[in-house]
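For the protein sequence lines, the chains are A, B and C, in the order given.
Mapping of the first sequence onto my numbering: residues 168 to 674, in sequence order.
Mapping of the second sequence onto my numbering: residues 6 to 281, in sequence order.
Mapping of the third sequence onto my numbering: residues 14 to 330, in sequence order.
Note that beta-carbon positions come from the ideal geometry of N, C-alpha and C, so glycine has one too.
As the structure is a computational prediction, the values presented were derived from the model and not from experiment.
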Amino acid sequence: MATRPFSALGCAMAGAIVLSACSAGSSTNDDPSGSDSDSTQEVTIGLFAEPASLDFTTTDGAAIPQALLYNVYETLLKVDSATGDVVPALASSYEVSEDRLTYTFQLVQDATFSNGAEFTAEDAVFSIDRVKSDDWTVSLKSAMDVVESAEATGEHELTVTLSQPDNSWLYAMTTGVGAMFDTEGVGDLATDPIGTGPYVFANWDRGTSITLERNEDYWGDAPFFGVVEFAYFEDPNAVNSAMLTGDIDVVGTVQAPESLAEFETDEFQIIEGTTNGEVVLSFNSDKAPFSDVRVRQAARYAIDHPTLLDTCWAGRGELIGSMVPPTDPWYEDRTGDYPFDLDKAKELLADSGNEGVAVRLRLPNLPYAVACGTVVESMLEDAGFEVTVDSLEFPATWLEEVFTAKDFDMSIVSHVEPRDMQAVFGDPDYYTTYGIPEVQALFDEANTGTEEEQTAKMKEAAALISKDAAADFLFLLPNLIVADPDITGLPENAVSTSFDLSALARE
Amino acid sequence: MMRLVMARLNPSLIVGGGLVLLVVLLALVSFVWTPHPPMKVLATQAYQRPNAEFWLGTDRFRRDVFTQIVLGSRTALFVGFVSVGVAALVGVPLGIFAAMSPTWLGHLVMRGNDIVLAFPALLLAIMFAALYGGSTQIAMVAIGIATVPSFARITRSGALGVLSTDFVMAARAAGRGPFAIATRHVLPNVVGLIIVQASVSFAIAILAEAALAYLGLGTPTGQPSWGRMLFEAQTTYRSAAYLVLIPGGAIALAVLGFNLLGDGLRDALDPKLARR
Amino acid sequence: MILQLLRRLGVLIASVAVSTVVVFGFMQVLPGNPARVALGVNASDAAVARMTEQYGLDRPLPVQYFEWIVGMLRLDPGIEYISKAPIGPQIGDRLLVTLWLVAAAMVLAVLIAVPVGTWMAMRHRHIDGVVLSGLSQVGVAVPAFLAGIVLISVFAVRLGWLPSGGWVVPASDPVGFVQRLILPSISLALVQGSVLARYVRSAVLDELHQDYLRTAQAKGLRPVQAVFRHTVRNAAVPVVTVLGLQLAGLLVGAVVIERVFVIPGLGSLLLDSVGQRELLTVQTVVMVLVVAVLVINFIVDALYVVIDPRLRVGGRA
Numbered sequence: 168m169a170t171r172p173f174s175a176l177g178c179a180m181a182g183a184i185v186l187s188a189c190s191a192g193s194s195t196n197d198d199p200s201g202s203d204s205d206s207t208q209e210v211t212i213g214l215f216a217e218p219a220s221l222d223f224t225t226t227d228g229a230a231i232p233q234a235l236l237y238n239v240y241e242t243l244l245k246v247d248s249a250t251g252d253v254v255p256a257l258a259s260s261y262e263v264s265e266d267r268l269t270y271t272f273q274l275v276q277d278a279t280f281s282n283g284a285e286f287t288a289e290d291a292v293f294s295i296d297r298v299k300s301d302d303w304t305v306s307l308k309s310a311m312d313v314v315e316s317a318e319a320t321g322e323h324e325l326t327v328t329l330s331q332p333d334n335s336w337l338y339a340m341t342t343g344v345g346a347m348f349d350t351e352g353v354g355d356l357a358t359d360p361i362g363t364g365p366y367v368f369a370n371w372d373r374g375t376s377i378t379l380e381r382n383e384d385y386w387g388d389a390p391f392f393g394v395v396e397f398a399y400f401e402d403p404n405a406v407n408s409a410m411l412t413g414d415i416d417v418v419g420t421v422q423a424p425e426s427l428a429e430f431e432t433d434e435f436q437i438i439e440g441t442t443n444g445e446v447v448l449s450f451n452s453d454k455a456p457f458s459d460v461r462v463r464q465a466a467r468y469a470i471d472h473p474t475l476l477d478t479c480w481a482g483r484g485e486l487i488g489s490m491v492p493p494t495d496p497w498y499e500d501r502t503g504d505y506p507f508d509l510d511k512a513k514e515l516l517a518d519s520g521n522e523g524v525a526v527r528l529r530l531p532n533l534p535y536a537v538a539c540g541t542v543v544e545s546m547l548e549d550a551g552f553e554v555t556v557d558s559l560e561f562p563a564t565w566l567e568e569v570f571t572a573k574d575f576d577m578s579i580v581s582h583v584e585p586r587d588m589q590a591v592f593g594d595p596d597y598y599t600t601y602g603i604p605e606v607q608a609l610f611d612e613a614n615t616g617t618e619e620e621q622t623a624k625m626k627e628a629a630a631l632i633s634k635d636a637a638a639d640f641l642f643l644l645p646n647l648i649v650a651d652p653d654i655t656g657l658p659e660n661a662v663s664t665s666f667d668l669s670a671l672a673r674e
Numbered sequence: 006m007m008r009l010v011m012a013r014l015n016p017s018l019i020v021g022g023g024l025v026l027l028v029v030l031l032a033l034v035s036f037v038w039t040p041h042p043p044m045k046v047l048a049t050q051a052y053q054r055p056n057a058e059f060w061l062g063t064d065r066f067r068r069d070v071f072t073q074i075v076l077g078s079r080t081a082l083f084v085g086f087v088s089v090g091v092a093a094l095v096g097v098p099l100g101i102f103a104a105m106s107p108t109w110l111g112h113l114v115m116r117g118n119d120i121v122l123a124f125p126a127l128l129l130a131i132m133f134a135a136l137y138g139g140s141t142q143i144a145m146v147a148i149g150i151a152t153v154p155s156f157a158r159i160t161r162s163g164a165l166g167v168l169s170t171d172f173v174m175a176a177r178a179a180g181r182g183p184f185a186i187a188t189r190h191v192l193p194n195v196v197g198l199i200i201v202q203a204s205v206s207f208a209i210a211i212l213a214e215a216a217l218a219y220l221g222l223g224t225p226t227g228q229p230s231w232g233r234m235l236f237e238a239q240t241t242y243r244s245a246a247y248l249v250l251i252p253g254g255a256i257a258l259a260v261l262g263f264n265l266l267g268d269g270l271r272d273a274l275d276p277k278l279a280r281r
Numbered sequence: 014m015i016l017q018l019l020r021r022l023g024v025l026i027a028s029v030a031v032s033t034v035v036v037f038g039f040m041q042v043l044p045g046n047p048a049r050v051a052l053g054v055n056a057s058d059a060a061v062a063r064m065t066e067q068y069g070l071d072r073p074l075p076v077q078y079f080e081w082i083v084g085m086l087r088l089d090p091g092i093e094y095i096s097k098a099p100i101g102p103q104i105g106d107r108l109l110v111t112l113w114l115v116a117a118a119m120v121l122a123v124l125i126a127v128p129v130g131t132w133m134a135m136r137h138r139h140i141d142g143v144v145l146s147g148l149s150q151v152g153v154a155v156p157a158f159l160a161g162i163v164l165i166s167v168f169a170v171r172l173g174w175l176p177s178g179g180w181v182v183p184a185s186d187p188v189g190f191v192q193r194l195i196l197p198s199i200s201l202a203l204v205q206g207s208v209l210a211r212y213v214r215s216a217v218l219d220e221l222h223q224d225y226l227r228t229a230q231a232k233g234l235r236p237v238q239a240v241f242r243h244t245v246r247n248a249a250v251p252v253v254t255v256l257g258l259q260l261a262g263l264l265v266g267a268v269v270i271e272r273v274f275v276i277p278g279l280g281s282l283l284l285d286s287v288g289q290r291e292l293l294t295v296q297t298v299v300m301v302l303v304v305a306v307l308v309i310n311f312i313v314d315a316l317y318v319v320i321d322p323r324l325r326v327g328g329r330a
């Protein structure tokens, strides 16, 4: 059974500001050198949390695929950011056998890597095998466990055989595990990424920015911008200032939605879409008091979700009742499972003999966690809990104390990987301490069944997780982007971990 | 000593003392009454300007600002007391010891002191926060340790002066042990210096806590703190400036108070330094 | 005098040596296995073990310690665990940035503090002296990052005269470099300048009451001449001490301004590396900072001996 890892939103936001002379305020200044040809079109995108390295095969964190996936590295299939559908990329078409064990991909013929090598089925086999080898150390690799073999059955034909039917494998191939590497191009992944994508890696100014340049030999449609800079900030205020002064053109991910009022003018456009980031208030049910389902239910009833969203995230985002975002096929609105009912919460708490119980809410020091933790504390105290909050350095200390040692009662973290319900709630050893046999059985059936069965079983699993109060689902993080009004092709819904540049253009 | 102080009242002392008294009063009052329930998210509007119900307005989490200011004075005083207390408890004996020891030992202690001095409070706080997570306690301990060298230095320097007086020579000749000399003669005579240093260090501690809160290494959410209020208000500075100016003003006033108090005490206690 | 200087140099070296042990020891106490943090959440124990071995994290401590010391002496402390980037050049670049910022701030601070402080001292009984004194007290009390945020708001966002932050290398864009240096150094200089001004005032006031000044006036020197000729040299001693302390404090203290203005300095490197558990980087950066402070103190002490003949002990001056 594949356990999917999580990567927290904090890593997903990365932006750097590079104020090189030519690109500063490119949208608001007259740019004397830029008006002649497309090749000098530049854009600067502000993000948070710089990646620690460029090698996502050994380093966790969503910041790396955010910059490199689909832009520098490509996969056989990708998720279209406008529609959310799985569409062809390096594989122009594919077929699935009757028994759903064999997938045959026809690969594009004219793709080349940035080091000049041609992309062939051999590279695809190499990439898939590499995931299963010791060279990949991130937990994402478990998605490949179901693959029995990969073979190059033609120069541009790839055949993959699974050990059992698995509905999630094809989707997994659109994420980082499906990235295609050159057999000769993996020597220095941490500082020299080599891919087939529309952009090539140009420069990494540590602590400041990552610069990509257009791949002139790209096999597909050439992207609009010749140079893209991801500028990384630590401080939401600094990003806002940079946007207001025109030092950057786009804020790729807004970390301070309460400040959006400043951008509600004609000089900016604000995009609000959905992400896969469910903000989960997790309960440690391995020990008291949350081992008692009534206490968990009391906590869920005590939280007034609309007020919480309004207060801590400026009302931006969607309310979800379970671990499924609206963009997934098995989504159901489960917000009615535990509507806000303070009396019921107090009653349940009293029934279980836990009035005034002391609990620890241990938060990672990420903006949404800290902001919403403040409100959660206040609401739970109204219901009779005694809450102590502390904020742990993320990722190191939070991973150590909450995730590994499970030394906590409640925590708040966002899980941004797509379709991660099984990974987060299917394993009793995971920090969410759920993974009861019933839900595991549902996941198994969903994976091996037909598409209809998958949808039905996943819905059941989501319902069970919600009714059992395995955790509370505060809200779904919004995808918030602020940009110059003439920029188009920005990803409205963050359906993958990539900040897809291929459709980006300026009118 | 009080007579000395009263005889030399000066503007710094009065204004500084007044401000400090104000902060202390706020803190004491907060134990019996706050305008609104402390740190509660109220189901009313966020970002309200000062009005009749919420005297200084509300913040982004719909909490009363005035209540937070009043409660925050507690944290500010707490941080100041603990850091200065730690620094004095360690630094003063160290300084006296260094002054009364044979020269080589005294120098050794002072060199060690210099090494600690090389670790500024912010650096220590960052290192400790990595170990234990950001919190008020961590901030206080880090600031306290970083302030020890100042106390040690000033105590030693004052003690050296006292040790060369006739009193002490006579006491030594009379056979008094070092401990007696330290407590009976040295300590009372350096108290003035220590108090002045304490006042200044108090101000520095409050500023340091604000800086740490800004970096996310200070008081965590849910507990009142002026530094924390600044941290939470910075992203909406342009649309809700009062949320930054009010706690910023509180910090500045408290720091100003302690600095003026220190200056005033220094002027009052040492006739040689009197300027008015 | 030379003997004294040599002795202080010896003390400096010994202090540095002790500090290395302290810093190294501290790093070992940090929780969070760096290999596990680097490899992420569900990394297999085997992978963690492999990385631990690869970076020699399981070797005996004295061995790791000596390797680190040797590396620093050779100016090549190694590469980072996760990003594989060489640490030496990174620290060098960041140190340079911080030095520019701190130097600019201190120069501005001195330019403000000396005239203002002297004025405050000479006019301490008049209303303008008192007002200035009050203002300097307020300047000391305002947190620097608050000043920074306000300056950005006014000069960058509202007026658009200057960029809101960032950094460029002076060689590639001198104008942009200067533009980006202005607001952050002013933010720092406002506070540091106020502190320094108060020390200047205090030092000058001390000197103004000295007898030799009366003697100089009796000899026929006008007050201003007297002040400059005699006071400055003596007042310089405590002021230089404070300058040294401020400089030392700013190397790390500027991290807050670095955050506000998005400047890639040493303080930011430290904060980020701690979060990413890049222990080698943290150790090395802390050592650089400690050494810098100790060296600055040494220089201040040495300057004492040079400036003030009363402090020269024994031997021939």
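Under the DSSP assignment, A/L641 falls in the beta strand (DSSP E) whose first and last residues are A638 to A650. With a 10 Å radius around the Cβ and a threshold of 16 neighbouring Cβ atoms, A/R467 comes out buried.
Distance from the Cα of C/G147 is smallest, within the candidate group B/P16, B/D272, B/T80 and B/H190, for B/P16. If you draw a straight line from the Cα of C/M119 to the Cα of A/V395, it is about 37 Å long.
If you look at A/K634, you'll find it isn't in any beta strand (DSSP E); it sits in the alpha helix (DSSP H) that goes E618 to K634.
Pairing B/A216 with B/L82, the inter-Cα distance amounts to about 16 Å.
In this structure, B/H41 sits near B/T72, with a CB-CB distance shorter than 8 Å. Take the alpha-carbon of A/P332 and the one of A/L516: they are about 44 Å apart. Going by C-alpha positions, B/L258 is about 38 Å away from C/T297. Taking a C-beta distance under 8 Å as the contact criterion, B/T39 and B/V97 do not qualify as a contact pair. In this structure, DSSP gives A/Y385 a state outside helix and strand, which the three-state scheme calls coil. Residue state for A/V353 is assigned as coil, using DSSP reduced to three classes. The contact set of C/S28 on chain B, defined by CB atoms closer than 7 Å, consists of R116, D119 and I120 in chain order. Spanning the alpha carbons of A/L559 and C/R290 requires a straight line of approximately 14 Å. Contacts between C/V306 and chain B, judged by CB atoms closer than 7 Å, involve A123 in chain order. Only residues of its own chain outside the window of five on either side were considered, and among them none has a CB closer than 7 Å to the CB of B/A246.
When CB distances to chain C are screened at a threshold of 8 Å, not a single residue of the region 46-61 of chain B falls below it. Look at the beta carbons and you see the region 637-645 of chain A not touching the region 361-369 of chain A: under three pairs across the two are nearer than 8 Å. Given a length threshold of 4 residues, each whole run of the alpha helix (DSSP H) inside the region 80-136 of chain B is given here in chain order: 108-122. Taking every protein chain shown into account, the CB of A/N370 has fewer than 16 other CB atoms within 10 angstroms, so this residue is exposed. In the structure shown, A/L528 adopts extended strand secondary structure according to DSSP, grouped into three states.
With respect to the 8 Å criterion, A/E315 and A/A288 are not classified as neighbours on the basis of their beta carbons. C-alpha of A/A563 to C-alpha of C/G288: approximately 7 Å in a straight line. Contact annotation for B/L265 against chain C: Q150 [CB-CB distance below 8 Å, chain order]. The straight-line gap separating the alpha-carbon atoms of B/L127 and C/G278 is approximately 15 Å. Residue contact check for A/A465 against chain C: no CB pair falls below 8 Å. Interface annotation, C/S32: in contact with chain B, CB-CB separation under 8 Å.
In the displayed model, B/N56 falls within coil according to three-state DSSP, outside both helix and strand. With respect to chain C, the C-beta atom of B/L18 has no partner C-beta closer than 8 Å.
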